[in-house]
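Numbering (the working numbering), first residue to last: 5 to 469.
Beta carbons are placed, not taken as given, at the ideal position from N, Cα and C, and that holds for glycine.
A short write-up of the structure that comes next.
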Amino acid sequence: MLDEKRTVIAHGTVATDFGVFAAHVVVDGERITGLTDDNAVLATADELIDARGLHVLPGAIDPHAHFEDPGHTEREDFTTGTMAAAAGGITALVEHPLTYPPVTTVELYADKRDMAAEKVVVDFGLWGALTGPSLPNIPGQWAEGAGGFKAFMPRSDPSYPNVSDDEMLEGMRTIAELGGLVLVHAENDALLHGNIARLREAGRTDTLAHQESRPPFVEEEAVHRVVFLAAHAGVRLQVVHTSSPVSVDLVAAAGARVTAEVCPHHLLLDLDDAVGLGPLGCCAPPLRDRTLVEGMWSRVLAGRIDCLVSDHAAYTLEEKRTGYEDVFSTPLGCQVIQETVPVVLSEAVHRRGMALDAFVRFSSTNAARILGLHPRKGTLMPGADADLALWDLETEWTIDAAAQQFSKNPWSPFDGRALRARVRRTLVRGETVFADGEILAAPGHGRFLAGAGRTKTATAVEHAR
5 MLDEKRTVIA HGTVATDFGV FAAHVVVDGE RITGLTDDNA VLATADELID
55 ARGLHVLPGA IDPHAHFEDP GHTEREDFTT GTMAAAAGGI TALVEHPLTY
105 PPVTTVELYA DKRDMAAEKV VVDFGLWGAL TGPSLPNIPG QWAEGAGGFK
155 AFMPRSDPSY PNVSDDEMLE GMRTIAELGG LVLVHAENDA LLHGNIARLR
205 EAGRTDTLAH QESRPPFVEE EAVHRVVFLA AHAGVRLQVV HTSSPVSVDL
255 VAAAGARVTA EVCPHHLLLD LDDAVGLGPL GCCAPPLRDR TLVEGMWSRV
305 LAGRIDCLVS DHAAYTLEEK RTGYEDVFST PLGCQVIQET VPVVLSEAVH
355 RRGMALDAFV RFSSTNAARI LGLHPRKGTL MPGADADLAL WDLETEWTID
405 AAAQQFSKNP WSPFDGRALR ARVRRTLVRG ETVFADGEIL AAPGHGRFLA
455 GAGRTKTATA VEHAR
């Protein structure tokens with residue numbers, strides 16, 4: 005359109021999924037229209053952004069975030085959560101259904117989608133629910149825009165029941181017919197709760213008792229089982245927040261229809277950190293020993309782990325600190341969405357020698373493909389949404405959550421960590437949403453990223469009959 009604003013991001017180093025090179029990025033309206041080294045384009049810009057000394061990457065895509073909105077907005081909401089995401093270079097995310105009430109019906113899904121659309125500053129999607137009671141609602145949630153459905157193998161929140169193997173298989177078969185994705189938290193419920201009971205009986209409620217209650221084989225057995233069930237059902241599967249190299253290898257051996265995530269805390273923190281952090285570092289799966297962390301990195305660098313995710317789980321400090329008395333009483337999860345990409349990018353590039361194009365695939369492109377958003381998102385090429393993050397990969401800085409975070413309860417397990425990867429500017433569909441430490445977009449700038457069923461409502465409704 006002739007009246008669209010033209011933005012040129014000039015003189016930066018473009019790092020995208022297919023290479024790293026010097027170029028000006030030309031944006032008309034919401035889309036990238038060119039990558040060029042022709043300086044003549046600079047005179048055509050309505051807005052000229054000087055990216056000298058910076059790397060221009062596709063915005064990261066985080067398919068695993070929890071904002072507790074509605075229900076517990078004292079922890080986080082869609083505005084503060086997506087502000088923190090933007091400040092961390094994330095331009096699109098998918099939020100999970102564990103809100104209050106949990107999003108297990110079609111009506112609750114649609115209500116949450118419409119509410120969130122008025123609050124977000126980056127683009128967003130919502131996963132649907134895979135629980136026993138919600139099985140009949142899967143086709144309806146698919147028609148409302150859910151591209152995938154979340155299931156828990158272990159008990160989590162009583163209002164969001166874990167699934168039996170039979171319920172899992174029934175849900176997988178339905179989702180396979182629709183063409184959707186199943187996302188599974190894979191830990192063996194009986195094993196971990198048996199471990200907790202034995203540790204309690206022995207008087208163990210210290211921090212390391214949490215780690216001991218969920219050893220790697222608790223995850224590995226569940227991954228083995230759910231991969232087998234997914235193959236039987238013929239469904240696409242994403243195993244969320246893997247923390248064991250054995251789990252990753254099981255996923256990789258299953259083929260392209262099964263994918264794996266990893267969180268920053270399972271790449272950068274270990275048992276020594278767990279002791280120092282206490283309940284602030286308690287998550288599920290737990291932090292692992294250094295040998296397993298190194299094994300996870302070897303698989304990241306080999307391209308065997310598909311997605312970097314935050315698994316952002318916002319809790320107040322008061323809630324987390326209950327674990328100092330009894331570790332099994334602390335809510336499990338780490339507040340990390342703003343730090344996820346910076347901490348991993350800094351480690352990956354400067355200490356592990358990861359190529360920038362490989363990091364882009366890990367942090368953006370692969371997720372876009374899994375979500376069905378590529379090539380609209382996850383890459384820098386003409387026709388793609390102008391979702392960009394401008395990174396300073398040279399200046400060292402230190403995380404200070406109290407001073408820097410946009411989350412409602414500013415704390416981070418990475419507080420005090422020195423990095424050489426900092427977001428200077430984030431654009432979502434051509435508009436700057438974050439720059440120089442400030443959020444510049446109003447709530448509602450973000451758009452809903454519907455799954456395939458939203459555009460095939462008649463077909464999805466037919467499945468529900």
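- In this structure, the beta-carbon distance from GLY457 to LEU182 falls below 8 Å.
- Boundaries of the alpha helix (DSSP H) around GLU323: 321-325.
- Straight-line measurement puts the Cα of ALA88 at about 11 Å from the Cα of THR430.
- DSSP places LYS116 in the uninterrupted alpha helix (DSSP H) bounded by 110-121.
- Around ASP277, the same chain offers GLY285, LEU291 as residues with beta carbons nearer than 7 Å, after the five sequence neighbours per side are excluded.
- In summary, ALA393 is buried, with 16 or more beta-carbon neighbours lying within 10 Å of its beta-carbon over all protein chains present.
- Taking C-beta atoms as the reference points, VAL279 and THR211 count as a pair closer than 8 Å.
- In terms of CA proximity to ARG424, THR399 leads the group PHE410, THR399, SER416.
- GLY16 is positioned such that its CB atom lies closer than 8 Å to that of HIS59.
- Scanning the stretch 164-246 for uninterrupted beta strand (DSSP E) segments of 3 residues or longer gives 185-189, 240-243, listed from N- to C-terminal end.
- Between the stretch 326-337 and the stretch 371-391, the count of C-beta pairs closer than 8 Å stays below three; the two stretches do not touch.
- Counting other Cβ atoms within 10 Å of its Cβ, ASN43 stays below 16 and is therefore classed as exposed.
- Of the other Cβ atoms in all chains shown, fewer than 16 fall within 10 Å of the Cβ of PRO162; this residue is therefore exposed.
- With fewer than 16 neighbouring CB atoms inside 10 Å of its own CB, PHE232 falls in the exposed class.
- With fewer than 16 neighbouring CB atoms inside 10 Å of its own CB, MET119 falls in the exposed class.
- In this structure, PRO386 lies near THR37, with their beta-carbon atoms less than 8 Å apart.
- Within the same chain, Cβ atoms closer than 6 Å to the Cβ of ASN192 are found at VAL222, GLU225, ALA226, the five residues on either side in sequence being excluded.
- The stretch 297-315 makes contact with the stretch 245-253; the number of CB pairs closer than 8 Å reaches 3 or more.
- For PRO447 against THR83, the beta-carbon gap comes to about 5 Å, under 8 Å, which counts as contact.
- In this model, ALA147 and HIS100 are separated by some 17 Å (Cα to Cα).
- Per DSSP, the unbroken beta strand (DSSP E) holding VAL18 starts and ends at 10-20.
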